[in-house]
Amino acid sequence: MYPPLERLNLPDAEVYYAPHFFSPIASDLYFQELMQEVNWRQESVQLFGKQVPMPRLTAWYGDKGYSYSGLYNKPQPWLPVLLALKEQVEQASKQPYNSVLLNLYRSGQDSMGWHADDEPELGAQPSIASLSLGGDRRFSFKHRSRKDLKATSITLHHGSLLLMQGATQHHWLHHIPKTKHPVQPRINLTFRLVKG
């Protein structure tokens with residue numbers, strides 16, 4: 001049995017969180033295996049007419065290709081460890097997934113800017129299952145249009161699962177800010193269903 005996913009109090013959203021989805025031992029093992037087996041890359045994106053390296057390492061695995069920030073991700077074939085994680089996340093979320101984006105945050109200087117996972121290939125109300133392994137990082141939300149709602153943050157722990165679904169991507173942006181505090185490397189896996 002997996003620990004329950006508790007709904008966060010975010011208007012216009014369906015966000016659920018289990019801070020200890022995996023045990024510390026299982027989380028450590030998965031982290032080490034992914035560090036060694038994943039084909040990590042430093043991709044660049046177009047920003048103000050320049051090619052700028054992303055402030056993190058990434059990898060894309062699955063059945064479908066995917067484009068974001070002007071970057072096309074050709075799918076790499078599933079690794080056994082990724083299939084095992086996908087199956088467990090699907091059981092807990094009761095959602096199917098056919099692809100996963102992995103991000104490796106090497107230090108507090110690696111980050112992710114404000115964005116929503118709202119690409120057309122994901123459909124109108126995508127389900128995004130975000131699994132965190134390694135160092136704790138702050139994960140922030142801000143509403144796209146409601147100025148009465150302040151940005152809010154949670155800490156994503158080693159072995160945690162965050163599920164964003166329903167109209168979340170339509171109404172909210174999210175990001176991982178930089179931090180000057182010493183943090184351990186973190187691997188984030190975002191499972192998604194790419195359509196078409």
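Be aware that the sequence shown starts at 1, since it is given in the numbering used here, and climbs by one per residue.
Note that CB positions come from ideal geometry on N, CA and C, so glycine has one too.
Source: prediction; values computed, not measured.
### Query
Going by the CB atoms, is the gap between H175 and S140 shorter than 8 Å?
Their beta carbons are under 8 Å apart, which means S140 touches H175 by this criterion.
### Residue span of the alpha helix (DSSP H) that contains M35, given as start and end
P24 to E37
### Task
Decide if the stretch 156-168 is in contact with the stretch 50-63; the criterion is three or more beta carbon pairs, one per stretch, under 8 Å apart.
no
### Message
Could you give the first and the last residue of the continuous beta strand (DSSP E) run that contains S111?
### Response
Careful: S111 lies outside any beta strand (DSSP E) and carries neither H nor E.
### Query
Rounded to a whole number of angstroms, what is the C-alpha to C-alpha distance between Q76 and Y2?
Distance between the alpha carbons of Q76 and Y2: 28 Å.
### Query
Opposite F141 in the DSSP bridges: which residues?
T152 and H174
### Task
Would you kindly work out how many angstroms separate the C-alpha atoms of S111 and N103, rounded to a whole number?
10 Å
### Query
Excluding sequence positions up to five away, which residues of its chain have a Cβ less than 6 Å from the Cβ of R137?
L156, I176 and R186
### Task
Can you have a look at P126 and say buried or exposed, based on whether 16 or more other CB atoms are within 10 angstroms of its CB?
buried
#### Entry: Whole-angstrom distance between L83 and S145, CA atom to CA atom
37 Å
### Task
State buried or exposed for L47, treating a residue as buried only when at least 16 other CB atoms are found within 10 Å of its CB.
exposed
### Query
If we count the other Cβ atoms within 10 Å of its Cβ and call it buried at 16 or more, is Y72 buried or exposed?
exposed
### Extent of the continuous beta strand (DSSP E) run through Q91
Where Q91 is concerned, there is no enclosing beta strand (DSSP E), although the alpha helix (DSSP H) it sits in stretches over P80 to S93.
### Message
I need the DSSP call for P53, collapsed to helix, strand or coil.
### Response
strand
#### Entry: Contact the stretch 116-135 vs the stretch 188-195: 3+ CB pairs below 8 Å
yes
### Query
Is DSSP giving T168 helix, strand or coil here?
helix
### Alpha-carbon spacing of S99 relative to S93, whole angstroms
15 Å
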